[in-house]
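If you read the sequence shown in our numbering, its first letter stands for residue 122, the second for the next number, and so on.
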Amino acid sequence: MNCGKFHISSRVMEKAVLWLCWGIVGLASLYLLHYVRRAFVCDRFVVKGVSMEPGFHTGEGVYVNKLLLGARIYTDFDFSKSSVSSFRMPGFRKARPGDVMILNYPFAETEDTINFRINYVYMKRCYGCPGDDVVIKDGYYVHPQTGGNVGNTCYQKVLSGTPDSLLEERGVVVKAFQLNKAMKWTIRDFGPLHVPASGDVVKLDSLNWKTYRKQIQYETGMMPAWKDGTVTLGCGPLKEYKFASDWYFFGGDNVLDSRDSRYFGLVPEEYIIGIVAGRR
Numbered sequence: 122m123n124c125g126k127f128h129i130s131s132r133v134m135e136k137a138v139l140w141l142c143w144g145i146v147g148l149a150s151l152y153l154l155h156y157v158r159r160a161f162v163c164d165r166f167v168v169k170g171v172s173m174e175p176g177f178h179t180g181e182g183v184y185v186n187k188l189l190l191g192a193r194i195y196t197d198f199d200f201s202k203s204s205v206s207s208f209r210m211p212g213f214r215k216a217r218p219g220d221v222m223i224l225n226y227p228f229a230e231t232e233d234t235i236n237f238r239i240n241y242v243y244m245k246r247c248y249g250c251p252g253d254d255v256v257i258k259d260g261y262y263v264h265p266q267t268g269g270n271v272g273n274t275c276y277q278k279v280l281s282g283t284p285d286s287l288l289e290e291r292g293v294v295v296k297a298f299q300l301n302k303a304m305k306w307t308i309r310d311f312g313p314l315h316v317p318a319s320g321d322v323v324k325l326d327s328l329n330w331k332t333y334r335k336q337i338q339y340e341t342g343m344m345p346a347w348k349d350g351t352v353t354l355g356c357g358p359l360k361e362y363k364f365a366s367d368w369y370f371f372g373g374d375n376v377l378d379s380r381d382s383r384y385f386g387l388v389p390e391e392y393i394i395g396i397v398a399g400r401r
């Protein structure tokens, strides 16, 4: 008789090890499913700032549906680069004017070149899809397909009814699209600005070449210039340009306090994460 000793049979040990293995597999599966869901199905983001008021407030959580447009899948995980390498899974529908989206801010490193930072994201409303013409008339965004108003019109109404001088006294930046000052657009009267779709050909001249110069540089790696009365790209003249990518125009609901496409220009499709479909 071996008093004070506790003997565990080999069979019990085998069961314990088996349960431990299954537990590890289960936890690993849950961990994997969590990231698969975030990458392919939906993800959660927290609103920061006042640019989407009155509909969304800072600190509020929102869910992004990645199935609608199709999930953006990275093909290069070196996020120290200023560019993004990715492809988009098939989605259920295309973006529409009025959709609220999460996107990467396109000028994360420098204001003169479109560049990528993985966790530097904005939440904005889409006002121009590929092929649309964006117009702001008397403070109101014009729906590019229907001609009616689009977006949350609460602050658009305030913008429409407040003189520029009073807006500037309140710190509102009235002048818009400073990347091409020749257009003389304001946040009250803006456009029409054509939002290029892949395959669109835009004729370039002395008035509009600056409008698209950052997008052309993004696609070609070269910045257009104005030389001897003509637009040039590299060593040759550029009278027109055929776009290779789809582009979008985004704005904040709080049109009085939002840094968006009215100021920094168009956003490439690769920078869109997904459509906001709920909140928590």
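Note that CB positions come from ideal geometry on N, CA and C, so glycine has one too.
Less than 8 Å between C-beta atoms, sequence neighbours within five positions excluded: which residues of the same chain meet that for residue i?
| i | result |
| --- | --- |
| T402 | Limits of the chain in this structure are 122 at one end and 401 at the other, which puts residue 402 out of reach. |
| C216 | The sequence shown places Ala at residue 216, not Cys. Counting only Cβ-Cβ distances below 8 Å, and skipping sequence neighbours, we find L190, M222, C247, C250, Y369, I393, I396. |
| S196 | In the sequence on display, residue 196 carries Thr and not Ser. Closer than 8 Å at the Cβ level, and outside the excluded window around T196, lie S206, S207, F208. |
| T341 | L354 |
Suppose you measure from the CA of residue i to the CA of residue j; what does that come to, to the nearest Å?
| i | j | result |
| --- | --- | --- |
| T332 | T307 | 15 Å |
| D321 | R334 | 15 Å |
| L328 | M222 | 31 Å |
| Y362 | Q336 | 11 Å |
| Q266 | G373 | 20 Å |
| M343 | R291 | 39 Å |
| C356 | A365 | 20 Å |
| F198 | G260 | 42 Å |
| F370 | L288 | 23 Å |
| W330 | K296 | 19 Å |
| S207 | K360 | 31 Å |
| N270 | G249 | 13 Å |
| I393 | L224 | 4 Å |
| K258 | Y276 | 14 Å |
| R214 | G191 | 8 Å |
| T351 | V183 | 47 Å |
| P358 | K324 | 12 Å |
| R400 | G147 | 29 Å |
| G252 | H315 | 7 Å |
| G386 | I145 | 49 Å |
| V294 | T234 | 22 Å |
| P211 | D285 | 45 Å |
| S201 | I239 | 9 Å |
| G268 | W143 | 59 Å |
| E80 | P313 | The requested residue 80 does not occur in the structure, where the chain is confined to residues 122 to 401. |
| R165 | K136 | 39 Å |
Which one of the options has the shortest CA to CA distance from residue i?
| i | options | result |
| --- | --- | --- |
| V397 | L280, L189, W140 | L189 |
| V242 | A229, P251, L325 | A229 |
| E391 | L314, I194, E174 | I194 |
| D326 | Y339, P313, T353 | T353 |
| D381 | D220, F177, P175, Y226 | Y226 |
| G272 | T234, A137, P218, F166 | P218 |
| V434 | G191, K245, A137, T351 | This structure gives no information on residue 434, because the portion of the chain shown stretches from 122 to 401. |
| D254 | F200, E181, V294, A318 | A318 |
| E232 | R401, V293, Y339 | Y339 |
Near residue i, what residues of its chain come up, given a Cβ to Cβ distance below 7 Å and the 5 sequence neighbours on each side ignored?
| i | result |
| --- | --- |
| L141 | none |
| N186 | C163, G395, I396, A398 |
| M122 | Residue confidence for M122 is low, a pLDDT of 49 falling below 50, so the modelled location carries little weight; the figure read from the coordinates is stated next. No residues qualify anywhere along the chain. |
| R383 | A297, F298, I308, F311, G372 |
| S203 | E230, N236, F237 |
| G176 | N273, D374 |
| R132 | none |
| D367 | P251, A318, S319, E390 |
Which partner residues does residue i have in the DSSP bridge list?
| i | result |
| --- | --- |
| I145 | Paired residue(s): none; I145 is not in a bridge. |
| E361 | K324 |
| N270 | V263 |
| K245 | M222 |
| Y83 | Residue numbering for the chain in the displayed model covers 122 to 401; residue 83 lies beyond these limits and cannot be assessed. |
| K169 | K169 is not bridged to any residue. |
| Y369 | V388 |
| W347 | V352 |
| G182 | V167 |
| G395 | I223 |
Can you give me the Cβ contacts of residue i inside the same chain, cut-off strictly under 6 Å, excluding the 5 residues immediately before and after it?
| i | result |
| --- | --- |
| D378 | V171 |
| V263 | V256 |
| M304 | F298 |
| N301 | K331, T332 |
| V205 | F237, E391 |
| E174 | N375 |
| G220 | Residue 220 is actually Asp in this sequence, not Gly. Contacts found: C247, I396. |
Is the stretch 265-284 touching the stretch 346-356, taking contact as three or more C-beta pairs under 8 Å?
no
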